[in-house]
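Quick note, the sequences are listed as chains A and B, same order. The first sequence begins at 0 in numbering that gives the first Met the number 0 and counts up one residue at a time. The second sequence begins at 0 in numbering that gives the first Met the number 0 and counts up one residue at a time.
There are 2 protein chains.
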Amino acid sequence: MSQTELSEIGEFGLIERLTRDFDPKNDSTIQGIGDDCAILSFPADKEIVVTTDLLVEGIHFDLVYCPLKHLGYKSVAVNVSDICAMNATPRQVTVSIAVSAKFTVEALEQFYEGIRLACRAYNVDLVGGDTTSSMTGMMISVTAIGEVEKGKAAKRSGAKVNDLVCVSGDLGGAYVGLQILEREKYVFTQTGSQSIKLEGYDYVLQRQLKPEARLDVVQKLASHSIVPTSMIDISDGLSSELLHICKQSGVGCKVYEEKIPVNVETERVAGEFNLLPLTCALNGGEDYELLFTVDLNSYHKLAMVADVRIIGNICDASEGSNIITRQNERIPIVAQGWNAMKDK
Amino acid sequence: MSQTELSEIGEFGLIERLTRDFDPKNDSTIQGIGDDCAILSFPADKEIVVTTDLLVEGIHFDLVYCPLKHLGYKSVAVNVSDICAMNATPRQVTVSIAVSAKFTVEALEQFYEGIRLACRAYNVDLVGGDTTSSMTGMMISVTAIGEVEKGKAAKRSGAKVNDLVCVSGDLGGAYVGLQILEREKYVFTQTGSQSIKLEGYDYVLQRQLKPEARLDVVQKLASHSIVPTSMIDISDGLSSELLHICKQSGVGCKVYEEKIPVNVETERVAGEFNLLPLTCALNGGEDYELLFTVDLNSYHKLAMVADVRIIGNICDASEGSNIITRQNERIPIVAQGWNAMKDK
Numbered sequence: 000m001s002q003t004e005l006s007e008i009g010e011f012g013l014i015e016r017l018t019r020d021f022d023p024k025n026d027s028t029i030q031g032i033g034d035d036c037a038i039l040s041f042p043a044d045k046e047i048v049v050t051t052d053l054l055v056e057g058i059h060f061d062l063v064y065c066p067l068k069h070l071g072y073k074s075v076a077v078n079v080s081d082i083c084a085m086n087a088t089p090r091q092v093t094v095s096i097a098v099s100a101k102f103t104v105e106a107l108e109q110f111y112e113g114i115r116l117a118c119r120a121y122n123v124d125l126v127g128g129d130t131t132s133s134m135t136g137m138m139i140s141v142t143a144i145g146e147v148e149k150g151k152a153a154k155r156s157g158a159k160v161n162d163l164v165c166v167s168g169d170l171g172g173a174y175v176g177l178q179i180l181e182r183e184k185y186v187f188t189q190t191g192s193q194s195i196k197l198e199g200y201d202y203v204l205q206r207q208l209k210p211e212a213r214l215d216v217v218q219k220l221a222s223h224s225i226v227p228t229s230m231i232d233i234s235d236g237l238s239s240e241l242l243h244i245c246k247q248s249g250v251g252c253k254v255y256e257e258k259i260p261v262n263v264e265t266e267r268v269a270g271e272f273n274l275l276p277l278t279c280a281l282n283g284g285e286d287y288e289l290l291f292t293v294d295l296n297s298y299h300k301l302a303m304v305a306d307v308r309i310i311g312n313i314c315d316a317s318e319g320s321n322i323i324t325r326q327n328e329r330i331p332i333v334a335q336g337w338n339a340m341k342d343k
Numbered sequence: 000m001s002q003t004e005l006s007e008i009g010e011f012g013l014i015e016r017l018t019r020d021f022d023p024k025n026d027s028t029i030q031g032i033g034d035d036c037a038i039l040s041f042p043a044d045k046e047i048v049v050t051t052d053l054l055v056e057g058i059h060f061d062l063v064y065c066p067l068k069h070l071g072y073k074s075v076a077v078n079v080s081d082i083c084a085m086n087a088t089p090r091q092v093t094v095s096i097a098v099s100a101k102f103t104v105e106a107l108e109q110f111y112e113g114i115r116l117a118c119r120a121y122n123v124d125l126v127g128g129d130t131t132s133s134m135t136g137m138m139i140s141v142t143a144i145g146e147v148e149k150g151k152a153a154k155r156s157g158a159k160v161n162d163l164v165c166v167s168g169d170l171g172g173a174y175v176g177l178q179i180l181e182r183e184k185y186v187f188t189q190t191g192s193q194s195i196k197l198e199g200y201d202y203v204l205q206r207q208l209k210p211e212a213r214l215d216v217v218q219k220l221a222s223h224s225i226v227p228t229s230m231i232d233i234s235d236g237l238s239s240e241l242l243h244i245c246k247q248s249g250v251g252c253k254v255y256e257e258k259i260p261v262n263v264e265t266e267r268v269a270g271e272f273n274l275l276p277l278t279c280a281l282n283g284g285e286d287y288e289l290l291f292t293v294d295l296n297s298y299h300k301l302a303m304v305a306d307v308r309i310i311g312n313i314c315d316a317s318e319g320s321n322i323i324t325r326q327n328e329r330i331p332i333v334a335q336g337w338n339a340m341k342d343k
């Protein structure tokens, strides 16, 4: 494939080329890319939610094993995940990138192809951004905007004593997927060996490289008239997010080890690295599942929502935040999170 | 002053320390920092405008001569300027930064002090952001959100034949201010001389280091019931912005050299560098003044708006986009812009 230097087409040419085929689909997008600002208009009964994330090469992603298309997809997905964590529907994103001269136009087109796929998957419009050069490496800044019925936004602070603690999907997969990628990168850089072993790790690699925001869960909760009392997305690990909810709600929690969902492949791969699956679920980040609490009265309705499990309950702050092990031991939850684990 | 390493207080500690004293002031801000998203709510008769900018150390700013407090102020001001360019009122900003370990907590507090001053000056709320590490240097991503009465957003595409072309303030100052800073940096790095000469350059240095968004002009236009037919802020130089309006409106323009406002200090400093003041005004960027067009009927009302000058008029596209010199020569306007000049 022929490669085009960024300098050949200039900033305006580049933006035009990268952002074609991004026609707005949402009624709330009045005007997208091409002016000083995008123009949006939301129904009077909606509140707007806004979130933003910064992704830095060498800190948040490694282009050695993260294809640019996946990176584009993930950049949007992780922001959409924050919108979902408010019980809201994503509508618009802006994407800004800084890249060094080593990137070609074709490489950036791959990145924007990932952006485009994510925009389609979550039905969001790309409405703006900025494209600039960097001295070294790549940086990505995404802002996402969503809407939610007035008063129905799920904050971290709304959990009440006796609420049920729920989680979507399964946990720890993205973390062990990262261990596989790091191991194979190490083998490659140390030995130059081309025999990268990624077979048999499909699920955990996908969890790491192409995480999905759980918009489907938000929609299912709405269709069963379940309004979470609190919600957060699991980007730093279950422990850290549980503590956020407990701290901001002024409550404690009991979560049962046996209830925490871990995929069978995640368990197997954790074993390869001599890691406890529970540790990966509690402290491994980037699963982007939803952690939320619901009123006890929603118990029967919850049973009809696929791919959501009740893992414990909210209790008084005086009881603390604890994991109850299979041996019925009570272990205080400690924030560790993804970054801390990575430094080990 | 004692200095605190970033690693000493951790990410959550840092965010808490940097974002205290940022209580929301606007009715439209329902919830600011501290959850997965900010929550906003706007009146039913308003449209929302959104813009975002990425600023990279070594590309957009030089910490050798740009104090962090000024940089914080400018980061917000340039985004507010884009909101103003839509004829809108800024309401919220998010600010994300990536910094290397060389930055101290106290240095970042200086940066956020600048953010705080700008938020006060323009009455906007800081409602979110992201703080992360970078491998090298500093990167800043700001998103600004504003509101405008439905249908009153000023696009680049609305200029009509016979409209008056107007500009606020004066032009070229930020560019010659940058020349002063680059000259003194050169002297300092080449000779180690501490005798930096910045006296007598107050105006142009302020234009470069602490530009202001012209929210006052937007407010004055509104108070005189003037709705611009098109508008853009001058970030890349008058030439480039005139061509944006003409291209997107499908029109041409005639702009008169003698009408283009240049400050007397800008003229003097341009002379020091053997630059034509007109060249600085046309191609020097970062003045963040407003360029806009109004219907001929607004002529008398415009006279009551201080600090705004009529510099020409819109004509048919077939006549092209031209500068009429003091010698009555017609010179086609060419996009050159700030980046192109900087590479020279």
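The beta-carbon is built from N, C-alpha and C at its ideal position, and this holds for glycine as well.
Item, Value
"Best match in A/Asp-294, A/Glu-46 and A/Gly-319 for proximity to A/Val-226 [C-alpha to C-alpha]", "A/Asp-294"
"Close beta carbons around B/Gly-12, own chain, < 8 Å, minus the five adjacent residues each side", "none"
"Proximal chain A residues relative to B/Val-175, where beta-carbon distance stays under 9 Å", "Per Cβ cutoff of 9 Å: no residues; B/Val-175 is ~23 Å from chain A at best."
"Residue-chain proximity (B/Asn-338, chain A), Cβ-Cβ < 9 Å", "Because the pLDDT of B/Asn-338 is 46, which lies under 50, any placement of that residue in the model is unreliable, and the number read from its coordinates should be weighed accordingly. So, interface residue."
"Interface flag, A/Leu-53 vs chain B, CB-CB below 9 Å", "yes"
"C-alpha gap between A/Asn-338 and A/Tyr-202, whole angstroms", "Low per-residue confidence applies at A/Asn-338: pLDDT is 46, beneath 50, and the placement is therefore not dependable, though the value from the model is reported in the following sentence. One C-alpha to the other measures close to 22 Å."
"Supposed close pair B/Tyr-121, B/Leu-17 - CB separation, criterion 8 Å", "Wrong, their Cβ atoms sit about 19 Å apart, outside the cutoff."
"According to DSSP, residues forming a beta bridge with A/Gly-157", "A/Gly-157 pairs with nothing; no bridge assigned."
"Rounded separation between A/Ile-259 and B/His-69 - CA only", "49 Å"
"Inside the stretch 176 to 224 of chain A only - beta strand (DSSP E) runs reaching at least 3 residues", "none"
"Residue-level contact to chain B via CB, A/Lys-300, 9 Å cutoff", "no"
"6 Å Cβ shell around A/Thr-346 - same chain, five flanking residues per side excluded", "With chain A represented from 0 up to 343, any question about residue 346 of chain A goes unanswered, as that position is not in the structure."
"Residue range of the unbroken beta strand (DSSP E) whose run includes A/Tyr-255", "251 to 255"
"Contained alpha helix (DSSP H) runs [length at least 4] in the stretch 236 to 323 of chain B, N- to C-terminal order", "237 to 248, 263 to 271, 276 to 282 and 298 to 301"
"Near-chain A residues of the stretch 232 to 245 of chain B (beta-carbon distance less than 7 Å), N- to C-terminal order", "Asp-232"
"Own chain partners of A/Ser-156 with C-beta closer than 6 Å, once the 5 adjacent residues on each side are dropped", "Gln-247 and Ser-248"
"Inter-residue CB distance, A/Val-175 and A/Cys-65 (contact presumed, cutoff 8 Å)", "Between A/Cys-65 and A/Val-175 the Cβ distance is about 16 Å, and since that is not below 8 Å, they are no contact."
"Within-9 Å CB hit, B/Leu-13 to chain A", "no"
"Rounded Cβ spacing between A/Ile-244 and A/Ser-229 (contact assumed at less than 8 Å)", "5 Å"
"Within 9 Å, strictly: CB atoms of A/Tyr-72 and A/Ile-32", "no"
"Cutoff 9 Å: B/Leu-39 Cβ touching any chain E Cβ", "The chain inventory of the structure shown lacks chain E, comprising the protein chains A and B."
"Proximity below 9 Å, CB of A/Ile-96 to CB of A/Thr-135", "no"
"Buried or exposed (CB count within 10 angstroms, at least 16 for buried), A/Met-85", "buried"
"Where B/Gln-326 falls: helix, strand or coil (DSSP)", "coil"
"Range covered by the beta strand (DSSP E) that runs through A/Arg-90", "88 to 98"
"Environment of B/Val-79 [buried if 16+ CB atoms lie within 10 Å]", "buried"
"A/Asp-81 versus A/Val-147, A/Glu-183 and A/Gly-319, residue with shortest Cα-Cα distance", "A/Val-147"
"Beta carbon of B/Leu-301 nearer than 9 Å to that of B/Leu-170", "no"
"Neighbour-count burial assignment, A/Tyr-185, 16 or more Cβ in a 10 Å radius", "exposed"
"Minimum length 4: unbroken alpha helix (DSSP H) runs contained in the stretch 24 to 90 of chain B", "67 to 83"
"For B/Gly-113, the first and last residue of its enclosing beta strand (DSSP E)", "First-last for B/Gly-113: 104 to 121, but that is the alpha helix (DSSP H), not the beta strand (DSSP E)."
"Interface residues of chain B facing A/Glu-46 [CB-CB closer than 8 Å]", "Ile-29, Ile-38, Leu-39 and Ser-40"
"Under 7 Å from the C-beta of A/Asp-129: neighbouring residues of chain B", "Thr-51, Asp-52 and Leu-53"
"A/Pro-331 burial status per 10 Å Cβ neighbour count (16 or more: buried)", "exposed"
"For B/Ile-29, the nearest candidate out of A/Ala-305, A/Glu-271, A/Val-49 and A/Thr-190 (CA to CA)", "A/Val-49"
"Cutoff 9 Å: A/Glu-56 Cβ touching any chain B Cβ", "yes"
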